[in-house]
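Here is the structure we will look at.
2 protein chains.
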Amino acid sequence: MSQRLAEVAKKVGVSEATVSRVLNEKPGVSEATRQAVLTALDVLGYERPTKLRGERARLVGLFLPELNNPIFPAFGEVVGGGLAQNGYTPVLCTQSAGGITEADYVELLLQQQVSGVVFVGGQYTQQDAPHDHYARLTEVGLPTVLVNAPIDGLGFATVSTDDAVAAEQAIAHLHQLGHTRIGLLLGPRDHVPSLRKLTAARAVARSRGLTIDEDQISHSLYSLEAGQAGATRLLDAGVTGILCASDPLALGAIRAVRRAGLEVPTDVSVIGFDDSALMNAVDPPLTTVRQPIEPMGRMVIELLVAQISGAVVANDEFFFEPELVVRGSTGPVSAAARERKPT
Amino acid sequence: MSQRLAEVAKKVGVSEATVSRVLNEKPGVSEATRQAVLTALDVLGYERPTKLRGERARLVGLFLPELNNPIFPAFGEVVGGGLAQNGYTPVLCTQSAGGITEADYVELLLQQQVSGVVFVGGQYTQQDAPHDHYARLTEVGLPTVLVNAPIDGLGFATVSTDDAVAAEQAIAHLHQLGHTRIGLLLGPRDHVPSLRKLTAARAVARSRGLTIDEDQISHSLYSLEAGQAGATRLLDAGVTGILCASDPLALGAIRAVRRAGLEVPTDVSVIGFDDSALMNAVDPPLTTVRQPIEPMGRMVIELLVAQISGAVVANDEFFFEPELVVRGSTGPVSAAARERKPT
DNA sequence: CAAAATCGCGCAAGAACTTGCAACAATTCT
DNA sequence: AGAATTGTTGCAAGTTCTTGCGCGATTTTG
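Those protein sequences? They're chains A and B, same order as listed.
Each residue of the first sequence is one higher than the one before, starting from 99 at the first, in my numbering.
Each residue of the second sequence is one higher than the one before, starting from 99 at the first, in my numbering.
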């Protein structure tokens, strides 16, 4: 490994001086020789010093928790597109089971000298998960934007859907349809957006004279199958309307309803959350609370780009109002349903 | 910018020698001093030489053409997970409109010294798109694996779903149900997998005494809306069964059928392709030809890892047999449908 | 067609970085 | 307590890389 520069020089048949000039973008080297040197550099596995790598690739880390729930690819598309338009290249980091951890990804991105990081989901959304690696980001002052949950004490700019409004709209919709026993199908117990929905739902319910007991709340993982299992428990508790924390959970709930020999929305109404792709094509078309991902994505880009260009942005949490999209999975509570009792 | 090392040394209050030792991970430096030097390095914006950036991040570029069609996130999940299990970090590259081109991404990955590249889709699947940047990959001998279409003359290992078998299964299924006027809703005219399906479908149709005329073939972009438009044309031609080149196209076709005042599958049968997520939850549940993405993904990983570790793998195209999944969007041709004539 | 200008390149001096060695301090052993 | 051991650091010599200068080749100009 010794005599690296000399070795390259010998390979191309030029002097060390010429190689050095190529490496430092100095003038006085013909294009032909320059290419020859660069080729030899690659052939010999010589790592080009950073200066030579064109202008620094302006990379931005983009964390998506998973790709199964279509809302995350959708966020990825919006944010990734916005980054590209601003001249940044998104490096998508998805947590795949058994693989690389979020902390590993953060180190990796720091090594790659990324210009910034966007988290659309990750450990920060779960209170009990390790949060230590986020401190690394503040340490080196890396521009960072979070989506849908803040991290206390680290002062990251955050862009969130207003979960309280979402819960309020959903509960109001169900209540107006005559539902009084409403179940909540949420994510894990320490998941911030789920907690926020829970708190808001309880408050709204109370103000409308309803109660949401413990057995009307189900925490599960964010998969269709887990949703089906959780919803089955809720049905046992006699609920006639289910508010779900994601669209896949809602699809699981619909499956659970059918498995119980009931129909949606005749016997049980189901509301999803996200309005991810194809939710108008499922059976029945899903009533759901839409996250305004386009404006949120634009805000994320704006905050990130501002930080990268050195501006000190307000490290507030910016809330975006969701929108209830009424389709076919909710309806008036039926007489039969009103009779149905907890088992 | 001169005297870089000396400058750092002065800042920390040690000799150049010590800084040099830290930079090269040499022993004989106390942990405290090491940290002090590293901090000063960051503070002064000194770019750490690559050696110091932990062990080289083993990156692998993963090209997905888009994220709207759920089959691509699904591929991403399988391949990304497999890479992680083998100690590689996937860098997902998705073509976002107006942003960075595929050629740019390739250059970027080369600069980042990736260990290999996987293409799940991209310009190589379209015969008329520029292919020049792929030659760069062979030039530097970067391990590369393609999915679902080969590139002539460059000798990349390729893993594909057998489009011929897919077309055969779909046509056979429709024919058995009594359909004789079968339409093809395909991707762009120069899209290799679509061409392969077209060729195979025509051959199978001929062997069964059917014909597929020009007006029974529709080429469009791969979006639900484009599919709807294309399918409308096919319905005008009087087809009773439509074979689509992707699931979103099939959903577009179903929408077109309904727009025409007809029903699926009573009046028109629709077959998708991919069996992407949620296709059993749409209305009606979609009959589709499943791409075996799990085994394909494993093969991709195997081929890539073998190449990275220096093995010379056969640059063949490996074909995987798809599987017809019969659900609710196909049914026997009705008397009314048989009467329906081209407009 | 020759003189002049320009360009590309190697030489060699010097700058930047690495490393063997010895000095010094802290700790452990006798 | 004193000696030995271990670990940390700076000095200075050795490598490796950068750059000013001039030579020769090629192109341009009168």
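For glycine and all other residues, C-beta sits at the position ideal for the given N, C-alpha and C.
Given the structure is predicted, the values throughout are model-derived calculations rather than measurements.
Skipping 5 residues on each side, what residues in its chain have a beta carbon closer than 6 Å to that of residue i?
i: residue 424 of chain A; result: 385
i: residue 333 of chain B; result: 358
i: residue 302 of chain A; result: 266 and 269
i: residue 186 of chain B; result: 156 and 158
i: residue 258 of chain B; result: 246, 415 and 417
i: residue 399 of chain A; result: 180
i: residue 244 of chain B; result: 217, 254 and 256
i: residue 443 of chain B; result: The structure shown does not extend to residue 443 of chain B, since chain B spans only 99 to 441, so no value can be given for it.
Where does residue i fall in DSSP's three states?
i: residue 255 of chain A; result: strand
i: residue 198 of chain B; result: coil
i: residue 225 of chain B; result: coil
i: residue 421 of chain A; result: strand
i: residue 415 of chain A; result: strand
i: residue 149 of chain A; result: At residue 149 of chain A, the pLDDT of 44 sits below 50, so the modelled position is not reliable; the number obtained from the coordinates is stated separately. Note: residue 149 of chain A maps to helix in three-state DSSP.
i: residue 118 of chain B; result: helix
i: residue 218 of chain A; result: coil
i: residue 393 of chain A; result: helix
i: residue 102 of chain A; result: helix
i: residue 304 of chain A; result: helix
i: residue 374 of chain B; result: coil
i: residue 430 of chain B; result: coil
i: residue 339 of chain A; result: strand
i: residue 309 of chain B; result: coil
Taking all protein chains shown into account, decide if residue i is buried (16 or more other Cβ within 10 angstroms of its Cβ) or exposed.
i: residue 175 of chain A; result: buried
i: residue 124 of chain B; result: exposed
i: residue 408 of chain B; result: exposed
i: residue 318 of chain A; result: buried
i: residue 324 of chain B; result: buried
i: residue 314 of chain A; result: buried
i: residue 128 of chain B; result: exposed
i: residue 292 of chain B; result: buried
i: residue 228 of chain B; result: exposed
i: residue 393 of chain A; result: exposed
i: residue 113 of chain A; result: exposed
i: residue 363 of chain A; result: buried
i: residue 395 of chain A; result: buried
i: residue 435 of chain B; result: buried
i: residue 104 of chain B; result: exposed
i: residue 350 of chain A; result: buried
i: residue 192 of chain B; result: buried
Quick check: does the Cβ of residue i come within less than 7 Å of any heavy atom belonging to the ligand COA?
i: residue 225 of chain A; result: Looking at this structure, you won't find the ligand COA or any other ligand, since it has none at all.
What do you reckon, are the CB atoms on residue i and residue j nearer than 8 Å?
i: residue 326 of chain B; j: residue 354 of chain B; result: yes
i: residue 352 of chain A; j: residue 368 of chain A; result: yes
i: residue 158 of chain B; j: residue 238 of chain B; result: no
i: residue 194 of chain A; j: residue 179 of chain B; result: yes
i: residue 339 of chain A; j: residue 240 of chain A; result: no
i: residue 261 of chain A; j: residue 295 of chain A; result: yes
i: residue 299 of chain A; j: residue 341 of chain A; result: yes
i: residue 382 of chain A; j: residue 432 of chain A; result: no
i: residue 234 of chain B; j: residue 208 of chain B; result: yes
i: residue 168 of chain B; j: residue 248 of chain A; result: no
i: residue 141 of chain A; j: residue 264 of chain A; result: no
i: residue 198 of chain B; j: residue 172 of chain A; result: no
i: residue 322 of chain A; j: residue 380 of chain B; result: no
i: residue 119 of chain B; j: residue 111 of chain B; result: no
Using a Cβ-Cβ cut-off of 7 Å (strictly less than) and excluding sequence neighbours within five positions of residue i, which residues of its own chain qualify?
i: residue 190 of chain A; result: 160, 162 and 174
i: residue 404 of chain A; result: 411
i: residue 151 of chain B; result: Any reading at residue 151 of chain B must be qualified, since the residue scores a pLDDT of 41, below 50, and its modelled position is unreliable; no value is offered.
Leaving out five residues before and five after residue i in sequence, what residues of the same chain have Cβ atoms less than 8 Å from its Cβ?
i: residue 438 of chain A; result: 336, 338 and 365
i: residue 429 of chain A; result: 275, 363, 364 and 367
i: residue 219 of chain A; result: 161, 162, 163, 164, 170, 245 and 246
Are the segment 200 to 218 of chain B and the segment 115 to 135 of chain A in contact at 8 Å, needing three or more beta carbon pairs?
no
Any contact of the segment 270 to 286 of chain A with the segment 304 to 319 of chain A, i.e. 3+ C-beta pairs under 8 Å?
yes
Can you confirm whether the segment 287 to 298 of chain B touches the segment 218 to 226 of chain B when touching is taken to mean that 3 or more C-beta pairs between the two stretches lie within less than 8 Å?
yes
Pair every Cβ in the segment 364 to 383 of chain B with every Cβ in the segment 336 to 350 of chain B, then say whether three or more of these pairs are closer than 8 Å.
yes
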